[in-house]
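Novice: When the letters of the sequence shown are read in order and numbered with my numbering, they come out as residues 56 to 273. Every residue, glycine too, gets a C-beta built ideally from N, C-alpha and C. Just so you know, these numbers come straight off a predicted model, no measurement behind them. Just dropping this structure here.
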Amino acid sequence: MRLPALVLLAASALLTLTGCPKKPAVPNESIPLTEGVVRAGVYTHPGFGWSMKIPDGWRVKTKDEVSATRQKGLDAVQKNVDGPIDMTSTIELLYMQRDQFNQFTSTADAFDPAKDGSYADNQQDLVQVILKTYADTGMKVRHELRTEVIGGVKFNVMDATLLSPDGEKVILHQRMYDALFGTRSLTVSLNWNNDTARDALVQAWSASTFSTPSAPHP
């Protein structure tokens, strides 16, 4: 099972429960990224042909912050799967946040259907592990699966609403997009707890462009 995208998703939610230290403001353009670059307020990734404008007031995370996010998600997911989770082929791309609850994450992962099997079947398995991981934190989850076209690319989408243990309070809204480009997948997660942040995230991501559109592999 391909788990790196799940680690990203779980980490994003868990950080809202534990909090994260505030960082001093640093120009987004000066923060080095593993892949891709931010110039004039726009993130671009040549491999995916992806460009996205960073919303005003949102801060790009540093590599150290991203590494901490990865480890938190890895620790949460590991107890729900057999064997170690291999993250060697996972590359963190653009991570940004408005505050503790309102964040954007994206990763690239290797996935070769010839060796790894059906991409669609893999996604179905991931959903079950996601729900189990959230349940272990005591949260209740409402979720819906669908597809959406962004910049000419058809993405699988999981909409999730994370609720308090009694189901009365909404903690976080989360939306994960995933598509396969040849033998590499792009996974994007939008997280928000208010309408203003939701609108900023959805508008920025929905306006993304891809110079090499590709549909998910069956």
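Please name the residue, chosen from 216, 110 and 115, that lies closest to residue 91 on a Cα-to-Cα basis.
Specialist: Locating residue 91 in the sequence shown gives position 36, where the first residue counts as 1. It is 115.
Novice: Taking the alpha carbon of residue 150 as the point to measure from, which residue in 178, 118 and 126 has its own alpha carbon closest?
Specialist: To locate residue 150, count along the sequence shown from 1; it is residue 95. When only C-alpha atoms are compared, the closest one is 118.
Novice: So, is residue 266 buried or exposed, given that buried needs 16 or more other C-beta atoms within 10 angstroms?
Specialist: What you label residue 266 is simply residue 211 of the sequence shown in a count that begins at 1. By the 10 Å Cβ count, residue 266 comes out exposed.
Novice: Flag this pair as yes or no: are the beta carbons of residue 222 and residue 187 separated by less than 8 Å?
Specialist: Working through the sequence shown from its first residue, we reach residue 222 at position 167. Working through the sequence shown from its first residue, we reach residue 187 at position 132. For residue 222 and residue 187, no; Cβs fall outside 8 Å.
Novice: For the beta strand (DSSP E) that residue 235 lies in, which residues bound it at each end?
Specialist: Here residue 235 is taken as the residue at index 180 of the sequence shown, counted from 1. Its beta strand (DSSP E) spans residues 225–236.
Novice: Might you give, ordered along the chain, the residues of its own chain that have their beta carbon closer than 8 Å to the beta carbon of residue 261, omitting 5 neighbours on each side?
Specialist: As a first step, residue 261 is located in the sequence shown; it is residue number 206 there, counting from the start. Result list for residue 261: 205, in chain order.
Novice: Counting pairs of beta carbons, one from the region 240–259 and one from the region 146–166, are three or more of them closer than 8 Å?
Specialist: yes
Novice: Have a look at residue 156 and residue 253 and give me their C-alpha separation to the nearest angstrom.
Specialist: Working through the sequence shown from its first residue, we reach residue 156 at position 101. Working through the sequence shown from its first residue, we reach residue 253 at position 198. Cα-Cα distance, rounded: 11 Å.
Novice: Using the Cα positions of residue 233 and residue 184, report the straight-line distance between them to the nearest angstrom.
Specialist: By one-based count along the sequence shown, residue 233 stands at place 178. By one-based count along the sequence shown, residue 184 stands at place 129. For residue 233 and residue 184, the distance between alpha carbons rounds to 16 Å.
Novice: Mind checking residue 145: buried by the 16 CB within 10 Å criterion, or exposed?
Specialist: Sequence index remark: in the sequence shown, residue 145 carries index 90 (1-based). Residue 145 is buried by the Cβ-count criterion.
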